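A.B. asks: Numbering-wise, full-length UniProt numbering puts 147 at position 147 of the sequence shown, and it's gapless, one number per residue.
Ideal Cβ positions, reconstructed from N, Cα and C, are used throughout, including at glycine.
Predicted model only: the values in this text are computed from it and were never measured.
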Amino acid sequence: MEEEEDQLVNSPRRILSLNQEASEVHGTKPCEVYGFVGSISIVVATVIFLIWAYVPDKFLESIGIYYYPSKYWAMAMPMYLMVTLLLTLVFYIGLNFMSTSTTTSFNTLFDEYSREDVDFLLLMKNGDDRPIDPISDIDITRINDLMFDSHLVK
């Protein structure tokens, strides 16, 4: 019985335990705290931005707030951010088009990671069960024969 328990403990499977000692709370993780504080900070910053953008200057001065940026930036900064995002997206797509080989290039068929199909049956010893063939790329001529061969088209 002791040997069976040792095998269960060493098993890579996770064991469901109803033991109270094992299910104690270990506290919050730092990433959870940072995420919570970050989300609250974003909400507070958005509310402050909207108050600054929409409340008239006279009201802000009447409650004692004299130092704030020009209202021009309430419209300019979101527009700058959106244009920057749009240009970044266009640049990223253009960079992908420039780094991709043309469709007529042989680099789209073969590269340094291509694996040639080997005759796996010759590599096996006689009498062995046949396992799954090793992973390899399918030759383009074989694909063309399978897809476009005249005896398959009716």
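Whole angstroms is fine: what's the gap from F36's alpha carbon to S62's?
C.D. replies: If you take the alpha carbons of F36 and S62, they lie about 34 Å apart.
A.B. asks: Can you look up I63 in the DSSP assignment and give me helix, strand or coil?
C.D. replies: Looking at I63 - three-state DSSP - the assignment turns out to be coil, as it is neither helix nor strand.
A.B. asks: Quick check on DSSP: helix, strand or coil for R115?
C.D. replies: Coil at R115, not helix or strand.
A.B. asks: Going straight from the alpha carbon of D149 to that of D117, what length do you get?
C.D. replies: If I take the Cα positions, the gap works out to 21 Å.
A.B. asks: Return yes when the Cβ of A74 is within less than 8 Å of the Cβ of A45, no when it is not.
C.D. replies: Result no, Cβ atoms of A45 and A74 do not sit closer than 8 Å.
A.B. asks: Distance, Cα to Cα, N144 vs Y113?
C.D. replies: Near 22 Å, if we compare the C-alpha coordinates of Y113 and N144.
A.B. asks: I need the DSSP call for F36, collapsed to helix, strand or coil.
C.D. replies: Looking at F36 - three-state DSSP - the assignment turns out to be helix.
A.B. asks: Output the boundary residues of the alpha helix (DSSP H) element that contains residue 196.
C.D. replies: The requested residue 196 does not occur in the structure, where the chain is confined to residues 1 to 154.
A.B. asks: Can you tell me whether G94 is helix, strand or coil according to DSSP?
C.D. replies: The answer is helix: DSSP assigns G94 an H, G or I state.
A.B. asks: Beta carbon of R115, beta carbon of D139: below 8 Å?
C.D. replies: Result no, Cβ atoms of R115 and D139 do not sit closer than 8 Å.
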